[in-house]
Amino acid sequence: MNPFSPRSKLTTDCSKTQLRRLLRVLATTRKALRAARAREQLARQRSQCDDLTGLANREGFACLTRANLADPLPLDQVCALLFIDLDGFKAINDQLGHAAGDRLLQIVGARLTHAMRAGDSVSRHGGDEFLCLLPQLHSEARAMSIAQQLVGLIAAPCELGGIRVSVRPSIGLAFYPRDGATLELLLAHADQAMYAAKRDGGGVAAAQR
1 MNPFSPRSKL TTDCSKTQLR RLLRVLATTR KALRAARARE QLARQRSQCD DLTGLANREG
61 FACLTRANLA DPLPLDQVCA LLFIDLDGFK AINDQLGHAA GDRLLQIVGA RLTHAMRAGD
121 SVSRHGGDEF LCLLPQLHSE ARAMSIAQQL VGLIAAPCEL GGIRVSVRPS IGLAFYPRDG
181 ATLELLLAHA DQAMYAAKRD GGGVAAAQR
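For the sequence shown, full-length UniProt numbering gives the first residue as 1, with consecutive numbering after it.
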């Protein structure tokens, strides 16, 4: 075919038009895929986030914890799980209302977040319960010292609707690898230690021996 014939020019124009259409379709498809991935990522993040405090929820904390437990620790390090329960929270919630109770949970969550080191994790476990994961500690004594500091930090008074209130935490500690190699075992030990702290009068940190 003569490349300079009218028919050849028409064929070339058609090919260019089809190519432009194809490129537009590809661009639209890429944009739609990026949007779908962004929605999926956002949905995954929301499913792992506590709506009230902005902290990780149970699912999010489980993912973070299992990632930390996946690799063996150096022999000179431990990982601590802290189970925190707010003593007297129900009374505050009943007396001042749910809005005040929610605000108190937000304050406690913010205080915990501010106190964490790089690499630590904090979550709202549900209700008035929080969890903290402290990896790469050089001793169980260091974990207990941090927990005792958190007792004082959480118990510091705050204002709710113009009323000065204070809530004391009971904190139970469990240690990896001593108390178990799974999140479930660590939670069970930390929960038992937390109830031991409550039996001691609350407002303290405790670990099983």
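C-beta: ideal position from N, C-alpha, C; glycine also.
Burial state of residue i, where buried means 16 or more other Cβ atoms lie within 10 Å
i	result
Ile154	buried
Gly97	exposed
residue 212	Lying before the first or after the last residue shown, residue 212 is absent from the chain, which here runs from 1 to 209.
Asp179	buried
Gly152	exposed
Thr65	buried
Pro157	exposed
Leu75	exposed
Asp128	buried
Ala43	Its pLDDT being 47, under 50, Ala43 is placed unreliably by the model, and the measurement read from it follows with that caveat. Label assigned to Ala43: exposed.
Ala193	buried
Gly60	buried
Leu19	exposed
Phe4	Interpretation of Phe4 is limited by its pLDDT of 48, a score under 50 that renders its predicted location unreliable; no figure is taken from the coordinates.
Ala110	exposed
Ala70	exposed
Beta-carbon proximity of residue i to residue j, cut-off 9 Å
i	j	result
Arg164	Leu55	no
Leu186	Tyr195	no
Asp87	Val167	yes
Val82	Leu173	Going by the sequence as given, residue 82 is Leu instead of Val. Yes; because the gap between Cβ atoms is below 9 Å, this pair is in contact.
Leu22	Ala80	no
residue 212	Arg209	With the chain covering only 1 through 209, there is no way to say anything about residue 212.
Ser121	Asn68	yes
Ala181	Val78	no
Leu73	Pro169	no
Boundaries of the alpha helix (DSSP H) in which residue i is found, first to last residue
i	result
Asp191	Leu183 to Arg199
His138	His138 -> no alpha helix (DSSP H), and no H or E assigned at all.
Leu160	First-last for Leu160: Cys158 to Leu160, but that is the beta strand (DSSP E), not the alpha helix (DSSP H).
Leu112	His98 to Ala115
Residue i, enclosing beta strand (DSSP E) - first and last residue
i	result
Arg164	Ile163 to Val165
Leu82	Val78 to Asp87
Ala207	Ala205 to Ala207
Ala174	Arg168 to Tyr176
Gly126	Ser121 to Gly126
Cys63	Taken as a continuous stretch (DSSP letters only), Cys63 belongs to no beta strand (DSSP E), being part of the alpha helix (DSSP H) at Arg58 to Leu69.
Integer-rounded CB distance, given that residue j should sit under 8 Å from residue i
i	j	result
Ile84	Phe130	4 Å
Ala115	Leu150	6 Å
Ala147	Ala205	4 Å
Leu26	Ala100	With a Cβ gap of about 55 Å, Leu26 and Ala100 do not count as contacting.
Ile171	Ala197	6 Å
Stretch-stretch touch, CB-based, cutoff 8 Å, three pairs: the stretch 49 to 64 with the stretch 98 to 112: Taking a contact to require three or more Cβ pairs closer than 8 Å, the stretch 49 to 64 and the stretch 98 to 112 qualify as touching.
Three CB pairs or more closer than 8 Å across the stretch 199 to 207 and the stretch 132 to 139: no
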